[in-house]
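Numbered per the working numbering, the sequence shown spans residues 118 to 405. Ideal placement from N, C-alpha and C gives every residue a C-beta, glycine not left out. Notes follow once the structure below has been shown.
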Amino acid sequence: MKTGKMKSENFNNFNKYLEKRIRDTVEKYKLIKPGEKVAVALSGGKDSVLTLHILNELRKDFNFDLLAISIHEGISGYRREGLKIAEKNADDMGVELVKKFFKDEFGFGIDDISNLYKSACIPCGVLRRYLLNKTAYEIGASKIATGHNLDDEVQSFLMSFARADFRKFGKFGPKSRKIHPKLVPRIKPLWNIPEREVGIWAVLNNIGAHFAECPYSHMSLRSKTKDFLNKMESEEPRTKLAILKSFEETFKPEKTTPKLYECNKCGEPSSSGVCKVCELLDEINEVI
Ligand code: SF4
């Protein structure tokens with residue numbers, strides 16, 4: 118009996134600890150202003166589900182509107198399951214969920230074109246970011262909240278660093294700036310929460326989150342970077358947090374954020390005359 122009570126106290130303490138850290142991030146970096154409309158990018162994975170749960174708690178105190186967007190990339194046996202979980206969580210909280218499908222928007226899913234690229238993540242990432250932003254803009258969201266955690270952030274930072282892709286540095290940090298009227302700024306309430314803690318939260322609270330790995334994830338540079346960082350962390354604990362802190366101390370967003378224009382073909386925000394999405398679609402439509 119005592120053990121059961123202790124366990125439930127531990128759960129509650131862990132939940133409070135996690136919520137406090139995320140609340141502190143929202144406050145410290147002023148991620149949300151009163152009256153805003155925040156769209157959670159809800160994949161059904163543990164990170165996006167935690168983001169939805171916490172923002173649903175915070176909306177009472179911070180006074181903002183909350184909804185969610187789910188994107189189905191057309192990856193069989195993977196995304197459908199995630200989408201079901203996204204629907205259930207949104208339903209349970211009474212949050213409106215907007216669903217978008219690659220097939221409807223582009224005429225193909227990732228499974229149809231995965232063999233055209235060294236990694237399926239190349240087209241998938243570009244097209245998903247585009248569709249998420251376009252949807253958020255169309256429904257009048259003023260922020261997109263993503264489930265990026267500490268591990269994701271440090272992996273992305275190292276990958277861009279290793280490629281000398283300094284323009285991407287503007288995407289790091291807990292929030293992005295509004296650099297184009299059609300580009301909805303992103304916020305990352307979990308940006309300093311280790312992935313392990315998100316996993317513990319999902320298991321302890323028996324949250325129906327999608328834990329499966331995308332069948333294409335092994336093809337990505339991210340997966341190799343993740344293994345490398347996990348090895349470093351197991352040998353030198355707190356390495357990931359130290360990288361995040363180093364980045365925060367040295368990062369100058371105004372020097373690395375690219376100027377954006379409108380794509381000559383589709384009119385969406387672009388750092389060059391024709392955006393990456395139109396380039397990709399031209400390439401793909403030539404061969405399918
Ligand atoms: Fe898309 Fe790659 Fe993520 Fe799979 S792992 S959902 S292919 S970006």
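Asked                                                                                                                        : Found
Glu385 versus Pro240: straight-line alpha-carbon distance, rounded                                                           : 17 Å
Cutoff 8 Å; reference Met336; Cβ partners in own chain excluding five residues on either side                                : Lys235, Ser236, Ala237 and Cys238
Secondary structure of Asn297, DSSP reduced to three states                                                                  : The sequence shown places His at residue 297, rather than the Asn named in the question. Three-state result, His297: coil.
Residues near Ser340 by beta carbon distance below 8 Å, same chain, minus five either side                                   : Ser334
Rounded C-alpha distance that separates Phe289 from Asn129                                                                   : 31 Å
Residues bridged to Ala319 (per DSSP)                                                                                        : DSSP, once it has assigned bridges, lists no residue as partnering Ala319.
Contact test: Gly242 Cβ vs the ligand SF4 heavy atom, cutoff 7 Å                                                             : yes
Paired residues, beta bridge with Leu183 - DSSP                                                                              : Val155
Cβ-Cβ separation, Leu377 to Ser387 (assumed contact under 8 Å), whole Å                                                      : 7 Å
Beta-carbon proximity of Leu184 to Val212, cut-off 8 Å                                                                       : yes
Three-state secondary structure assigned by DSSP to Met118                                                                   : Any reading at Met118 must be qualified, since the residue scores a pLDDT of 48, below 50, and its modelled position is unreliable; the value itself is stated next. In this structure, Met118 counts as coil in the three-state DSSP scheme.
Buried versus exposed, by CB contacts within 10 Å (16 or more), Met118                                                       : At Met118 the pLDDT is 48, less than 50, meaning the model places this residue with poor confidence; the figure from the coordinates comes in the next sentence. It counts as exposed.
Complete alpha helix (DSSP H) runs within the region 316-383 (minimum length 4 residues, chain order)                        : 338-352, 356-367 and 370-373
Cut-off 7 Å between Cβ atoms - residues of its own chain near Asn173, not counting five sequence neighbours on either side   : Leu183, Met210 and Val212
Cβ-heavy atom distance, Ile247 to the ligand SF4, below 7 Å                                                                  : The question names Ile, yet the displayed sequence has Tyr at residue 247. No, the Cβ of Tyr247 stays beyond 7 Å of every heavy atom of the ligand SF4.
Contact test: Tyr234 Cβ vs the ligand SF4 heavy atom, cutoff 7 Å                                                             : no
Other residues of its chain near Phe278: CB distance less than 8 Å, five sequence neighbours each side excluded              : none
Beta-carbon proximity check, Leu135 vs Glu270, cutoff 8 Å                                                                    : no
Lys190 CB to nearest heavy atom of the ligand SF4 below 7 Å                                                                  : Strictly speaking, residue 190 in this sequence is Glu, with Lys absent from that position. Yes, the ligand SF4 has a heavy atom inside 7 Å of this Cβ.
Sequence-distant residues of the same chain with beta carbon closer than 7 Å to Glu314, five excluded per side               : Leu135
Beta-carbon proximity check, Lys163 vs Phe328, cutoff 8 Å                                                                    : yes
Exposure label - Lys220; buried when at least 16 CB within 10 Å                                                              : exposed
Beta-carbon contacts of Arg245 that lie in its chain and below 7 Å, excluding the five residues immediately before and after : Ile188 and Glu190
Other residues of its chain near Lys343: CB distance less than 8 Å, five sequence neighbours each side excluded              : Asp268 and Gln272
Option nearest Gly264 by Cα separation, candidates Phe131, Ala326, Glu400 and Lys201                                         : Ala326
Nearest residue (CA-CA) to Pro375, options Ile139, Glu204, Ile296 and Lys292                                                 : Ile296
Enclosing alpha helix (DSSP H) for Val391 [first to last residue]                                                            : Unbroken run through Val391: none, as it is neither H nor E.
At least 3 beta-carbon pairs within less than 8 Å: the region 137-149 vs the region 301-319                                  : yes
Assigned exposure category for Gly161 - 16 Cβ within 10 Å defines buried                                                     : buried
Proximity below 8 Å, CB of Ala158 to CB of Ala258                                                                            : no
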